[in-house]
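This report refers to the structure that appears directly beneath it.
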Amino acid sequence: MQTQLYVHFPFCRSKCAYCALFSRTDADAAFRLRYAKAVARLVESLDFAPETIYFGGGTPSFSFAEAAAAPLAGCGAREFTVELNPADATPAEAARLLACGADRASMGVQSFDDSVLRAMGRAHTAAQAAAAFRTLKREGFANAGIDLIAGWPGQGAESWIDGVKRAIDLEPQHVSAYSLIREAGTRLDAALAESGAEPPAAEALDRVAAADALLSSAGYVRYEVSNWAKPGFECLHNMNVWRGADYLGAGAGAFSRMGALRWRTAPDAEAFVRAAESGAEPPRTEEETCGAEEDAVSREIFMLRTREGFDPRAAARRRPVLAGRVAEWEGVLENSERAGLLARRGGAFSPTPRGFEVVDSILAGLV
Ligand code: SF4
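One point on numbering: in this note's numbering, the residue at position 341 of the sequence shown is 362, and numbering is uninterrupted.
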């Protein structure tokens, strides 16, 4: 597999209540453009042609993403995804992103319930999100997805199910439904701490199960714990990362895995821009070199989260350093199979509907 390219745009119009991603809301347009040009310089200097490109954030569509993408024109990537916020999905923005080579859009809608959107601190209503998604499709994004968050405190089952149905009515090629995670340092975390409540984890699982039923009957296939797609529209970038490919993360706060090296570009947009403008390497944090076995494990086992599944013997054939782990792994996986959490096709184990709910704990047993 070739290397995948991820670009992080750490700018947002406002900070959502649940979000702990590195992003800033105080950057003016001039700085956001300097940042995009800094990304372009870095991308120009790459010594590989990326197999997939993923512009995430933050809010790429608020960040002059087309300026960052200029050097990627004609690079031959098999997929080029851009995350968009409904507030930015205008015909002009869609045209700019398509012109710079993007061929896949991922829109963070999160909910189709206006009271939930307000509580989340989202800058759009459900009607605006639906209109924005239609704009993307009309302007030429033939591959577009919708992201939702399951398990928002106080959101009832009826509201959630209505939201999933409204998403399906918009005919996206891809739907993600992530269970809400309580992240330290967010407004949600502070509110929960004050009330002494916890996010309703069991409810989130019920909501995801309800989404799965609706999406499956509408022709979507659950190909990963939180992701559904019409056949042929799975996110290739994410699949390649789960299959163990190298990825380079460009931009402040982005993570990279290149060979045995792992690092995070420092979450400091000014430092990133200064470095790029002076032709220096952006500063790194959390840099480490993995041992051969640790590297191989981290590139193989996450396929257990997918419908394609994890095949310990095939993994060991690809990476002989894992040969000594096969018997132990098969023992763990067969236990989960007996418990009805995993199904086996050939040598590959993949989650059953119940298994999707607990796959992370099965994974913990493999590490
Ligand atoms: S959820 Fe998205 S739009 Fe909201 S603050 Fe986080 S990165 Fe920005």
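The C-beta atom is built at its ideal place from N, Cα and C for all residues, glycine as well. All figures in this text were calculated on a predicted structure; none of them were measured in a lab.
Which term fits residue 309, buried or exposed, when burial requires 16 or more other beta carbons within 10 angstroms of its beta carbon? By the neighbour-count rule (16 or more Cβ atoms within 10 Å), residue 309 is not buried but exposed.
Cβ of residue 106 within 7 Å of any heavy atom in the ligand SF4? Correct: residue 106 has its Cβ closer than 7 Å to the ligand SF4.
Measure how close the beta-carbons of residue 57 and residue 108 come, nearest whole angstrom, since I'm counting them as under 8 Å. Between residue 108 and residue 57 the Cβ distance is about 18 Å, and since that is not below 8 Å, they are no contact.
Counting Cβ pairs, one atom from each stretch, are 3 or more of them under 8 Å apart for the segment 150-157 and the segment 106-120? Yes, since at least three Cβ pairs between the segment 150-157 and the segment 106-120 fall closer than 8 Å, the two stretches touch.
If you measure between the beta carbons of residue 266 and residue 24, is that distance less than 8 Å? Taking 8 Å as the cut-off, the beta carbon of residue 266 is found closer than this to the beta carbon of residue 24.
Quick test of the definition: if touching needs 3 or more C-beta pairs under 8 Å, does the segment 285-300 touch the segment 348-368? As far as the Cβ criterion goes, the segment 285-300 does not touch the segment 348-368, which means the pair count is below three.
Residue 286 - containing beta strand (DSSP E), residue span: Here the beta strand (DSSP E) through residue 286 covers 282-286.
Residue 245 bridges to which residues according to DSSP? The partner list for residue 245 (beta bridge, DSSP) reads 248, 327.
Assuming residue 131 is part of the beta strand (DSSP E), what are its boundary residues? Looking at the DSSP string, the run of the beta strand (DSSP E) that includes residue 131 is 125-131.
Using the beta carbon as the reference atom, which residues fall closer than 6 Å to any heavy atom of the ligand SF4, ordered along the chain? Each of 33, 36, 37, 40, 42, 44, 78, 79, 80, 106, 129 has a C-beta closer than 6 Å to some heavy atom of the ligand SF4; these make up the full list, in chain order.
Measure the C-alpha to C-alpha separation of residue 199 and residue 169 and round it to an integer number of angstroms. The alpha-carbon separation between residue 199 and residue 169 amounts to approximately 6 Å.
Under the rule that 16 or more other beta-carbon atoms within 10 Å means buried, what is residue 320, buried or exposed? Residue 320 counts as buried, since at least 16 other C-beta atoms from the protein chains shown sit within 10 angstroms of its C-beta.
To the nearest angstrom, how far is the alpha carbon of residue 237 from that of residue 377? Cα to Cα, the separation comes out at about 15 Å.
Identify the continuous alpha helix (DSSP H) that holds residue 342 and give its terminal residues. Careful: residue 342 lies outside any alpha helix (DSSP H) and carries neither H nor E.
Look up residue 168 in the DSSP assignment and say whether it is helix, strand or coil. DSSP places residue 168 within a strand segment (E or B) once states are collapsed to three.
Around the C-beta of residue 382, are 16 or more other C-beta atoms found within 10 angstroms, so that it is buried, or is it exposed? Exposed is the call here.
Do you know offhand how far residue 50's Cα is from residue 340's? Roughly 47 Å separates the two Cα atoms.
I need the DSSP call for residue 39, collapsed to helix, strand or coil. Residue state, collapsed to three classes: coil.
For the segment 331-375, which segments carrying the alpha helix (DSSP H) assignment without a break, of at least 4 residues, lie completely within its bounds, in sequence order? Fully enclosed alpha helix (DSSP H) runs of 4 or longer: 333-339, 347-359.
Can you tell me which of the three DSSP states residue 322 falls into? The answer is helix: DSSP assigns residue 322 an H, G or I state.
Between which two residues does the beta strand (DSSP E) carrying residue 182 extend? No beta strand (DSSP E) contains residue 182, which is instead part of the alpha helix (DSSP H) from 178-190.
Please state whether the Cβ-Cβ distance between residue 343 and residue 314 is less than 8 Å. For the pair residue 343 and residue 314, the CB atoms are nearer than the 8 Å cut-off.
Among the candidates 111, 212, 201, 68, whose CA atom is the shortest distance from the CA of residue 247? Closest option to residue 247, Cα to Cα, is 201.
If you run the structure through DSSP and keep just helix, strand and coil, what is residue 119? Three-state result, residue 119: helix.
Could you tell me whether the Cβ atoms of residue 330 and residue 369 are closer together than 8 Å? In contact: residue 330 and residue 369 (Cβ atoms closer than 8 Å).
Any idea which residues DSSP pairs residue 147 with across the strands? DSSP, once it has assigned bridges, lists no residue as partnering residue 147.
What's the gap between the Cα of residue 79 and the Cα of residue 165? Cα-Cα distance, rounded: 18 Å.
Residue 159 in three-state terms, based on DSSP: Three-state DSSP puts residue 159 in a helix.
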